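This report concerns only the one structure given below.
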Amino acid sequence: MSNKENLVSNKCKKCGYLQDISHLRCLKCKNNTFDTIEANGTCVLLTYTILKAPPLEFRDKGSYALGVVQFENGIRALGQIFPKENLRIGMKLKPVYEKICNNLDGNEVYSYVFKLIE
Ligand SMILES: [Zn+2]
Numbered sequence: 174m175s176n177k178e179n180l181v182s183n184k185c186k187k188c189g190y191l192q193d194i195s196h197l198r199c200l201k202c203k204n205n206t207f208d209t210i211e212a213n214g215t216c217v218l219l220t221y222t223i224l225k226a227p228p229l230e231f232r233d234k235g236s237y238a239l240g241v242v243q244f245e246n247g248i249r250a251l252g253q254i255f256p257k258e259n260l261r262i263g264m265k266l267k268p269v270y271e272k273i274c275n276n277l278d279g280n281e282v283y284s285y286v287f288k289l290i291e
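The sequence shown begins at 174 in the numbering used here and counts up one residue at a time.
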C-alpha cells in the first residue's frame with residue numbers, strides 16, 4: 174500500500190492563477206506566495222487519448238485512456254480514464270485512488286483513476 178496523495182494545486186495570492194505545486198513562482202505574474210487548494214467533488218473530462226501501445230508496466234491492459242480532467246474549483250489533473258469506451262469531452266467523472274500497475278521492479282503503483290459516474 175502507499176499513502177494516498179491529495180490532488181492539489183497552488184493558487185497565486187496575487188493574480189489567482191492555478192498551477193502545479195512544483196513551481197516556485199507564479200507563471201503569470203512571478204509572485205511567490207500561494208494558497209494550496211485541494212480538488213473537490215466531481216470533475217469533467219477536458220481531453221483524452223487512447224494509448225494503444227502502453228508503457229511496459231501497463232502492457233497487461235492492452236490499451237487504456239489517458240486524459241486531463243478539471244474539478245469544480247479549477248484544479249486540473251492527468252490520469253487514466255475508465256472505462257475507455259464512449260468517452261465524451263465534458264462528461265462527469267469522479268477520482269478513485271487505486272492500484273494502477275506494478276512497476277518494472279514489481280512494486281505496486283497507486284494513483285487516481287477518473288471513473289464514469291453511474
Ligand atoms: Zn500570479
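Using N, Cα and C, we set each Cβ at its ideal position, and we do this for glycine too.
Since the structure is predicted, the reported quantities are computational estimates derived from the model, not experimental observations.
| Asked | Found |
| --- | --- |
| Taking 7 Å as the cut-off, is the beta-carbon of residue 283 closer than that to any non-hydrogen atom of ligand 1? | no |
| Where do the ends of the beta strand (DSSP E) carrying residue 195 lie? | Where residue 195 is concerned, there is no enclosing beta strand (DSSP E), given that its DSSP letter is neither H nor E. |
| Rounded to whole angstroms, what's the CA-CA distance from residue 175 to residue 187? Just pull it up for me. | Unreliable placement is indicated for residue 175, whose pLDDT of 47 sits below 50; no coordinate value is reported for it. |
| From residue 212 to residue 183, what does the alpha carbon distance come to, in whole angstroms? | 11 Å |
| Looking at residue 180: is its Cβ nearer than 8 Å to the Cβ of residue 218? | no |
| Does the beta-carbon distance from residue 230 to residue 274 come in below 8 Å? | yes |
| Give the DSSP-derived three-state secondary structure of residue 291 in the structure shown. | coil |
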